[in-house]
Every structure is written in C-alpha cells, then in structure tokens.
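Single-structure report; data block below.
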Amino acid sequence: MKPVGANITRTLDKEAVLTCADNSGAQKLQIIGVKHTQGRRSRRESAGVGDIVKVKVLKGDQEVMHQVFDAVIVRQAKEYQRANGMRISFEDNAAVLVEENMLPKGSETRGPIAKEVVQRFSPIGKIASQVV
C-alpha cells in the first residue's frame, strides 16, 4: 500500500452512510470501523479518500445484506487538496467493497474514482470506468 501524496481531509466518521460504487450487489454501506488509524483516547475515528474501512451493508441484495466487509473510500463530498494545489470534491461519498487481499469484489465501478485511490490500489484502477 503506497502513501497518498494529497493532503486529504478525513471527514467520514463512524456511522456515516456511503454509496457502493461497484456492482457487488450492495447499494448503501455504513462505516463501522476505520483500519490503520493511529488515534488518541476519546478521539473519533474518521476516514477519507483512499482509506480502508469496515462497513456493514444496509441496502442491497439478500446475499450481502447485513454482512460486514472491508471497503476502500473512492469519493468524498468534502473537498481536499492535492499535492499540486488543486482542490477536489465529489457529489457524494462512495466506497468499493474489497476482499482481504485488497482485490475488488465487483467487476466494474459506477461513477468517477479519485486518482489517489488508483495510485494506492491498482486493482481498483483496473475496473474503474473514469479516473479523476
């Protein structure tokens, strides 16, 4: 997992609801935990673009409903700044479900994917329809 070159504002706390950006069968996801965070006592865990989170499926097909998966956040509505000074924001918050070896569960994505995610997780970039 490569480091991200952007200064990403982490605005997605626990209990945040995301859209699923792939065709794995899930539609709405809820963040229940953030992986690889170094926190402080009583500080809320939060995540941003390119972070790995644990999610619960709120809405989708019957075989994935109420199950817990790992996901990578690919879009966030709050703007963040790239290394070249450009500020990027998306219309919604979205994630892609991944397996334990960081390969995506779906075979294609819907909507744009942030460039920072493709740099960090190249298998997600292979199924991306549009990279911004």
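Numbering-wise (our numbering), the sequence shown opens with residue 302 and increments by one.
For every residue, glycine included, the Cβ atom is placed at its ideal position computed from N, Cα and C.
- Bounds of the beta strand (DSSP E) holding residue 376 are 369–376.
- Ranked by Cα distance from residue 312, the options 363, 369 and 390 are led by 390.
- Contact between the region 382–389 and the region 355–374 is absent: fewer than 3 CB-CB pairs across the two stretches fall below 8 Å.
- The C-alpha of residue 342 is placed about 23 Å away from the C-alpha of residue 308.
- When DSSP reads this structure, residue 404 sits in no beta bridge, so it has no partner.
- The alpha-carbon of residue 346 is positioned some 16 Å away from that of residue 319.
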